[in-house]
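The next block holds one structure in the form of structure tokens; read it before the comments.
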Amino acid sequence: MPPVIEARGITKRFPGVVANDNVNFTLEQGEIHALLGENGAGKSTLMNIIYSLYQPDEGEILVNGEPAEFHSPTDAINRGIGMVHQHFMLVPVMTVTENSMLGLEETVGSRRISAVVGGILAVTLGFMIGGGGAALSSPEVGLSVWGFIGAVVGAAFAAAMIFLDLPSRMSSSVGRNLIGPLAGVGFGLGYYVLTDLILGAQGGLLNWLLTGATVGFFTNLRWIDKQEVAQRVKRLSDDYGLAVDPYATIQDMPVGAQQRVEIIKALYRDARVLILDEPTAVLTPQEADDLFDVMRRLRDSGVSIIFISHKLREVLDIADRITVLRRGQVVGSAVPENATRESLARMMLSLIHI
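Heads up, the sequence shown is in our numbering, so the first residue is 3 and it goes up one at a time.
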């Protein structure tokens, strides 16, 4: 049986640096494969290529032995690949169920239209209720007439990027950093990213209008059964021990629970490959142990997991296989039974090559 994911000869260059240099990597079904390395080793770059946030300069990605033509994260999602980033992509004022529904926005073209139109109407509604530019230019809201115009223009710009799929064509890390957040509207991140980026709205009536009310309204227009989504979220939570309340509001949840919501979002899209990018960086030791329990249950059910980390103890505790990256190159591999913290540290520092 071929690997569920194979990266062959992946090279990725950014100005002044080779982030990945002829990297080969495989992931087998039902395993936890740890990608170990110091900060800047190229771990996240490789995973962002697999998830199609970046396009490789050289090399190819295979899924179940077949070359994958990925042009955006939507393509990766449709092939059963999910990714939980270090910085969660959740709408704080919405519930777990509503966030899970947002993940469906990228699947139908009309939903992209409603996402952008909804964002524009939300800004307009907030502007009108607030009494125009004078009322909304107060420090509490932080929106002026020019801010309003900028928001509408920004939404239109986001629409153009979504339809043209510009993020998948951006090779510059700087360009991606600028374009990515806006284009996120088309990847199911909702309107919060757009409004937070352009308006700086962090709370109160305007925030509510720009997120919960508008998203709920347009979700209903798309005839998605919220109760059915909530029931499936509950089943996923119970099946994998995620302990998440479908009706809980994100901003009221601890960090560990928010991370589990991200996992549920990926599973809701039928992910069979899960990429976890430094998942314990924001967790307490107990939350990390709870996450490892969830990972083991996922693995035992056949889900394949790539675990990105620089923490030796965690890698030895949870991984079935370990690949070590340094300065964009694979410098070694091991299985926990035959590895120690010292041997892994030596590989990370390139003192030996296994």
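Glycine residues also receive a C-beta, built at the ideal position from the N, C-alpha and C atoms.
Taken atom to atom, the span from the alpha-carbon of P338 to that of L314 is near 10 Å.
With 16 or more other CB atoms across the displayed protein chains lying within 10 angstroms of its CB, A21 is buried.
Under the Cβ criterion (8 Å, minimum of three pairs), the region 84-101 counts as touching the region 239-253. Comparing alpha-carbon positions, the option among L293, S303, D292 lying closest to A273 turns out to be S303. Leaving aside the five residues that flank M297 on each side, the residues in its chain whose CB is nearer than 8 Å to its CB run, in chain order, I34, L278, I307, F309, I320. Residue ranges of uninterrupted beta strand (DSSP E) with 3 or more members, entirely inside the region 272-350 and ordered along the chain, are 275-279, 306-311, 323-328, 331-336. Judged by their CB atoms, S54 and D77 are nearer to each other than the 7 Å cut-off. Residue pairing by DSSP places I12 opposite V25 in a beta bridge. If you draw a straight line from the Cα of G42 to the Cα of M349, it is about 15 Å long. Counting C-beta pairs with one atom in each stretch, the region 60-67 and the region 3-16 have three or more that are closer than 8 Å, which means they touch. The beta carbons of L48 and V25 sit closer together than 7 Å. Using a Cβ distance threshold of 7 Å, F90 and Q288 do not count as a contacting pair. The secondary-structure analysis by DSSP pairs H35 across a beta bridge with I308, R323.
A check of alpha carbon separations from L64 across I7, S102, F16 identifies I7 as the nearest. Annotation: P69 to P4 spans about 12 Å, alpha carbon to alpha carbon. For L64, no alpha helix (DSSP H) segment is defined; the enclosing uninterrupted segment is the beta strand (DSSP E) at 60-65.
For I252, no beta strand (DSSP E) run applies, since DSSP gives it neither H nor E. Less than 7 Å divides the Cβ of T325 from the Cβ of S335.
DSSP, reduced to helix, strand and coil, places G258 within a helical segment of the structure shown.
R343 and V317 have their alpha carbons spaced roughly 9 Å apart. One alpha carbon belongs to K267, the other to A232, and they sit about 12 Å apart.
Assignment of V235 by DSSP, reduced to helix, strand and coil, places it in the helix class.
The beta carbon of G243 lies closer than 7 Å to those of D295, V296, R299 in the same chain, with the five residues before and after it left out. Per DSSP, V86 is one residue of the beta strand (DSSP E) stretching across 83-86.
Under the 10 Å beta carbon count, R262 is surrounded by 16 or more other beta carbons and is classified as buried.
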